[in-house]
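Reviewing the structure listed below.
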Amino acid sequence: MLLLKNQKCCMILTSQSLREKRGTVTTRRAPESYLNHRRPPLLEAIVAEGDMSIGEAVESLKKKGYYTPHPRPWQLGYKDRGLGRGDYAVLDRFGDLVAEFESKADAELVISVVNAQK
């Protein structure tokens, strides 16, 4: 029984090391996978709301769209890929990445349409 646990552990370590070599391990490097995720954690957002009760802070965050996937207004961003090339990014209120476009005109069109909707 002890041998089976060790074998299972070795199999897990072996498969994990293979995934690391391939670059497919994401659980150990979870913060790196959220590079485009700039929304503050809930507790930090509540503290940033100022001198109010937790209930009032949560209601204020609801009004700002903290709990929606991509709250408006959207804004234009730029992602530099190096060598003078880059993509124009559409960012939500908190700076989270919504979409990337090669041309600035396309990104501005999407932003204007989304921000015009109520």
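Quick note: the sequence shown uses the numbering used here, first residue 81, plus one each step.
A virtual CB, placed ideally from N, CA and C, is assigned to each residue, including glycine.
- Cβ contact annotation for L171 (same chain, cutoff 7 Å, sequence separation greater than five): W154, Q155, G157, L177 and V178, in chain order.
- With at least 16 other beta carbons inside 10 angstroms of its own, A187 counts as buried.
- When rounded, the separation of the alpha-carbon atoms in A128 and F174 is 13 Å.
- Here the alpha carbon of R118 sits roughly 15 Å from the alpha carbon of K159.
- For L163, the secondary structure class from DSSP, reduced to helix, strand or coil, is coil.
- Bridge partners of V170 according to DSSP: L156 and A179.
- Residue burial annotation: A196 is exposed, with fewer than 16 other C-beta atoms found within 10 angstroms of its C-beta.
- Rounded to whole angstroms, the gap between the alpha carbons of E136 and P149 is 21 Å.
- When secondary structure is reduced to three states using DSSP, D131 falls in the coil class, being assigned neither helix nor strand.
- By the neighbour-count criterion, in which a residue is buried when 16 or more other Cβ atoms sit within 10 angstroms of its Cβ, Y147 is exposed.
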